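Colleague: I have a structure I would like to understand better, so I am pasting it below and will then ask my questions one at a time.
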Amino acid sequence: MSESKLIVTDQEAEATGRAVGVFLWVYNEAIKGNFNLSEEQAIAVNDALDELAKFDQKGLEILFEGATKARGDAS
Numbered sequence: 435m436s437e438s439k440l441i442v443t444d445q446e447a448e449a450t451g452r453a454v455g456v457f458l459w460v461y462n463e464a465i466k467g468n469f470n471l472s473e474e475q476a477i478a479v480n481d482a483l484d485e486l487a488k489f490d491q492k493g494l495e496i497l498f499e500g501a502t503k504a505r506g507d508a509s
């Protein structure tokens, strides 16, 4: 069984990180009950979702790899 390596460009990592950051911010605001977004914030949310949609499975792999490294599970 061969081990495959995920190769992530800096641009992909940065775009995915930005998109996840926006998602987490919106989620946090929703928990606080603040559902009123400005037009600028709504555009940022739409842009973030568009960015995540571009990566599909690769975006999920990028997030998983980052979370694994952050927990110290990387081999």
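Throughout, my numbering is defined as the position within the sequence shown, counted from one, plus 434. From the three backbone atoms N, C-alpha and C, an ideal C-beta is built for every residue, glycine too. All values reported here derive from a predicted model rather than from experimental measurement.
Please name the residue, chosen from Asp481, Lys466 and Gly467, that lies closest to Glu473 on a Cα-to-Cα basis.
Modeller: Per the Cα distances, Asp481.
Colleague: Report the rounded CA-to-CA distance for Ile465 versus Phe457, giving the unit in angstroms.
Modeller: Approximately 12 angstroms, taken between the alpha carbons.
Colleague: With C-beta atoms as the reference, is Ile496 less than 7 angstroms away from Val454?
Modeller: In this structure, Val454 does not lie closer than 7 angstroms to Ile496 by Cβ.
Colleague: Could you tell me the alpha carbon to alpha carbon distance between Thr502 and Leu494, rounded to whole angstroms?
Modeller: Taking the straight line from one Cα to the other gives about 12 angstroms.
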